[in-house]
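Here is the structure we will look at, set down as structure tokens.
In the UniProt record's numbering, the protein residues as written are 1 to 540.
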């Protein structure tokens, strides 16, 4: 913040908390001193108390919208200080206008504004960069028909409203993606960081663990995974963990032991609140795919003979109950052994589980929603409050308003993650790794990185949704539609993105302004990647 802004706040601050209720504001203030010199200042989250009377302040508060910026020109009848530090002693408002963060400008009529007719009108305030620019030589043919070359259109909905509408659309349209489970594999030792989660799941399934006394708590935590291995050697056992994008901890596990010709299921548990959603079946089908990849032809296990519902469950997955071993008259059969062939017959379309902690995300599963160039984090906040895991990617620090931070704190939701880094070409492999590990990549009016988001998502075959806004035709002069026409307008930008893959679609969100969302929920068969449109190559 400039030193001049710090000094001027002594007289222009006072109603900051009340103004923050409608959002964070940037105030641009021009001061005209007694010599007629205009001083342009900038500061954040302040009111004009001390410069305007009460009537003007009330009118100002009614006129402000979230994200607005003020442009105030006042006459300072007394200035103290020198150099870059100025103290305003007494001032009169000459003019005031409000500019929204979309570029819309409007004048504000100030009731009860002190008269200032004795003073000549001050010169218009212009940023230094604008004053130094040479006259534009662009023609009508070069102009962006939608005014999108870095400038947002008039009449757009506030960003908080756009984020809310877009967030609700994401939750509806990508519900299957945001709740798509994934399975990872690891050794017993590799799964130890998740011992607490495994213990919670196991206690719900095995009452004898839930009834363990406090004396055995510490020993149980250390040896729980080995205890679940039973008579099997932990060195020959594998742990499958089931993940949901909205959860940071696993929601189910299976403990498998490699035998001579089969992979044996020693234990299987799923969160009781998530049962009857196919998670247990997914763990078993993933185990079948893993067994086939290891060259093992069978998946085996055993269940209590007194649990016919479990026998039916495994039978539906392709397992057959083996005949009980020979036994003497009157002997009770306590368990039934099961056997199923490994591979596609029982695995279905379940892939071989990825390594825990591999390239597919922070825990090996999909890690929620990636909000690229999300600015202050309004979209990430909406998704977080809806129970989704979100990570904001933006080199600028997130700046939620005070009421938003309070809302997040009272909700009890874990705050969304923030990574202050670039995305796209400047982000390099780190950005691609994030996209590969995400369940969904989204971007709301992301300006220059819109195409980079789409390209990264297509390369990683990750579902995505972006709402294009500015075209930046001068920044990207090489963009061409398949017809050869240059991309110079918002409709042509949408068409350009749609041409990148046959599975990409578009829809309207319904808010004021640029509301077309370009998205992909399912890429279909992997061979569809051949339809990716590449940039024209330079010959010669």
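Built from N, CA and C at the ideal position, the CB exists for glycine as well. Remember, predicted model here, so these are calculated numbers, not experimental data.
Legend entry - Among 190, 246 and 401, the one whose alpha carbon lies nearest that of residue 159: Within the chain shown, the letter at position 159 stands for residue 159. When only C-alpha atoms are compared, the closest one is 401.
Inset, instruction - Please name the residue in 309, 288, 375 and 266 whose C-alpha comes closest to that of residue 348. - result: As a working note, residue 348 is residue 348 in the chain shown. Among 309, 288, 375 and 266, the Cα nearest to that of residue 348 is on 288.
Legend entry - Contacting residues, own chain, Cβ-Cβ under 7 Å from residue 524 (five flanking each side not counted): Against the chain shown, residue 524 aligns to sequence position 524. Sequence-distant Cβ neighbours of residue 524 in its own chain, meaning closer than 7 Å and more than five residues away, are 503.
Legend entry - residue 571 burial status per 10 Å Cβ neighbour count (16 or more: buried): Past the boundaries of the shown model lies residue 571; the chain is included only from 1 to 540, so the question cannot be answered.
Legend entry - Local Cβ density within 10 Å of residue 455, reported as buried at 16 or more and exposed below that: As a first step, residue 455 is located in the chain shown; it is residue number 455 there, counting from the start. With 16 or more other Cβ atoms from the protein chains shown falling within 10 Å of its own Cβ, residue 455 counts as buried.
Inset, instruction - Output the boundary residues of the beta strand (DSSP E) element that contains residue 493. - result: For the purposes of this step, residue 493 is identified with residue 493 of the chain shown, where counting begins at 1. Note, residue 493: premise wrong, no beta strand (DSSP E); alpha helix (DSSP H) at 490-498.
Legend entry - residue 473 versus residue 488: straight-line alpha-carbon distance, rounded: To locate residue 473, count along the chain shown from 1; it is residue 473. To locate residue 488, count along the chain shown from 1; it is residue 488. Each residue's alpha carbon lies about 5 Å from the other.
Inset, instruction - Output the distance between the C-alpha atoms of residue 462 and residue 440, rounded to the nearest integer angstrom. - result: For the purposes of this step, residue 462 is taken as residue 462 along the chain shown, with counting starting at 1. For the purposes of this step, residue 440 is taken as residue 440 along the chain shown, with counting starting at 1. Answer to the nearest angstrom: the Cα atoms are 6 Å apart.
Inset, instruction - Sort out for me which residues DSSP pairs residue 440 with in a bridge. - result: Sequence index remark: in the chain shown, residue 440 carries index 440 (1-based). For residue 440, the beta-bridge partners assigned by DSSP are 369.
Inset, instruction - May I ask you to report which of helix, strand or coil DSSP gives residue 465? - result: For this step, residue 465 is matched to residue 465 along the chain shown. In the structure shown, residue 465 sits in a strand (DSSP, three-state: E or B).
Inset, instruction - In angstroms with no decimal places, state the Cα-to-Cα distance between residue 200 and residue 245. - result: Translated into the one-based positions of the chain shown, residue 200 becomes position 200. Translated into the one-based positions of the chain shown, residue 245 becomes position 245. In this model, residue 200 and residue 245 are separated by some 19 Å (Cα to Cα).
Legend entry - Cβ contact (3+ pairs, closer than 8 Å) linking the segment 178-194 and the segment 223-236: Segments in contact, yes.
Inset, instruction - Write down the C-beta distance between residue 397 and residue 420 rounded to the nearest angstrom, noting that I regard them as a contact closer than 8 Å. - result: Numbered from its first residue, the chain shown carries residue 397 at position 397. Numbered from its first residue, the chain shown carries residue 420 at position 420. The pair is a contact, with the Cβ atoms about 6 Å apart (cut-off 8 Å).
Inset, instruction - Mind reading off the beta-carbon distance from residue 549 to residue 294? Whole number of angstroms is fine, and I expect it under 8 Å. - result: This structure cannot speak to residue 549, because the chain is shown only from 1 to 540.
Inset, instruction - Provide the residue(s) that pair with residue 298 in DSSP beta bridges, ordered along the chain. - result: The residue given as residue 298 occupies position 298 in the chain shown. According to the DSSP secondary-structure assignment, residue 298 is paired through a beta bridge with 262 and 341.
Legend entry - Contacting residues, own chain, Cβ-Cβ under 8 Å from residue 82 (five flanking each side not counted): Residue 82 sits at position 82 when you count from the first residue of the chain shown. Summary for residue 82: the model assigns pLDDT 46, below 50, so the residue's position carries little reliability; its value from the coordinates is reported in the next sentence. Apart from the 5 residues on each side of it in sequence, residue 82 has no Cβ closer than 8 Å to any other Cβ in its chain.
Legend entry - Complete beta strand (DSSP E) runs within the segment 388-415 (minimum length 3 residues, chain order): Within the segment 388-415, the complete beta strand (DSSP E) runs of at least 3 residues are 390-393.
Legend entry - Own chain residues within Cβ distance below 7 Å of residue 138, not counting five before or after: Position 138 of the chain shown, counted from the first residue, corresponds to residue 138. Because the pLDDT of residue 138 is 34, which lies under 50, any placement of that residue in the model is unreliable, and the question is left without a value.
Inset, instruction - Could you tell me which of 477, 495, 444 and 480 sits nearest to residue 514, measuring between CA atoms? - result: Taking the chain shown and counting its residues from 1, one reaches residue 514 at position 514. Closest by alpha carbon: 444.
Legend entry - Per-residue burial, residue 387 [other beta carbons within 10 Å of its own, 16 or more giving buried]: Here residue 387 is taken as the residue at index 387 of the chain shown, counted from 1. Classification of residue 387: exposed, given that the 10 Å Cβ count is below 16.
Legend entry - alpha helix (DSSP H) segment containing residue 454, residue limits: What you label residue 454 is simply residue 454 of the chain shown in a count that begins at 1. Per DSSP, residue 454 belongs to the alpha helix (DSSP H) from 450-460.
Legend entry - Member of 167, 197, 282 and 403 whose CA lies at the smallest distance from the CA of residue 183: Position 183 of the chain shown holds residue 183. Ranking 167, 197, 282 and 403 by Cα distance to residue 183 puts 282 first.
Legend entry - Spatial distance of residue 395 from residue 372 (CA atoms): Counting from one through the chain shown, the residue named residue 395 turns up at place 395. Counting from one through the chain shown, the residue named residue 372 turns up at place 372. In a straight line, the C-alpha of residue 395 is about 10 Å away from that of residue 372.
Inset, instruction - Return the CA-CA distance between residue 410 and residue 379, expressed in angstroms with no decimal places. - result: Against the chain shown, residue 410 aligns to sequence position 410. Against the chain shown, residue 379 aligns to sequence position 379. If you draw a straight line from the Cα of residue 410 to the Cα of residue 379, it is about 18 Å long.
Inset, instruction - Just the C-alpha distance for residue 405 and residue 478, rounded to the nearest angstrom, thanks. - result: On the chain shown, position 405 is the one that residue 405 refers to. On the chain shown, position 478 is the one that residue 478 refers to. The straight-line gap from Cα to Cα measures roughly 42 Å.
Inset, instruction - Can you tell me which of 344, 457 and 382 puts its alpha carbon nearest to the alpha carbon of residue 317? - result: Taking the chain shown and counting its residues from 1, the one referred to as residue 317 is at position 317. Considering only alpha carbons, the answer is 344.
Legend entry - Cβ distance (whole Å) where residue 451 is taken to contact residue 392 below 8 Å: Within the chain shown, the letter at position 451 stands for residue 451. Within the chain shown, the letter at position 392 stands for residue 392. The pair is not a contact, with the Cβ atoms about 20 Å apart (cut-off 8 Å).
Legend entry - For residue 335: DSSP bridge partner residues: Here residue 335 refers to the residue found at position 335 when the chain shown is read from its first residue. Paired residue(s): 304.
Inset, instruction - Give me the Cα-Cα distance between residue 467 and residue 296, rounded to the nearest whole angstrom. - result: If you number the chain shown from 1, residue 467 lands on position 467. If you number the chain shown from 1, residue 296 lands on position 296. Each residue's alpha carbon lies about 48 Å from the other.
Inset, instruction - Check residue 184 in the structure and name its three-state DSSP category. - result: As a working mapping, residue 184 is identified with position 184 in the chain shown. Residue 184: strand per DSSP, three-state reduction.
Inset, instruction - Give me whichever residues DSSP pairs with residue 478 in a beta bridge. - result: The residue you call residue 478 lines up with position 478 of the chain shown. Paired residues: none, contrary to the question.
Inset, instruction - Could you spell out where the beta strand (DSSP E) holding residue 166 opens and where it closes? - result: Start at 1 with the first residue of the chain shown, and residue 166 comes out as number 166. Note, residue 166: premise wrong, no beta strand (DSSP E); alpha helix (DSSP H) at 159-173.
Inset, instruction - Decide if residue 438 is buried, meaning its Cβ has at least 16 other Cβ atoms within 10 Å, or exposed. - result: Start at 1 with the first residue of the chain shown, and residue 438 comes out as number 438. Counting the other CB atoms within 10 Å of its CB gives residue 438 a total of 16 or more, which places it among the buried residues.
Inset, instruction - Can you tell me which of the three DSSP states residue 268 falls into? - result: Working through the chain shown from its first residue, we reach residue 268 at position 268. DSSP, read as helix, strand or coil, puts residue 268 in strand.
Legend entry - Coarse secondary structure for residue 255, derived from DSSP in three states: Within the chain shown, residue 255 is the residue found at index 255, counting from 1. Here residue 255 sits in strand by DSSP.
Legend entry - Through-space distance from residue 423 to residue 475, alpha-carbon basis: Sequence index remark: in the chain shown, residue 475 carries index 475 (1-based). Sequence index remark: in the chain shown, residue 423 carries index 423 (1-based). Put simply, the backbone Cα of residue 475 is about 17 Å away from that of residue 423.
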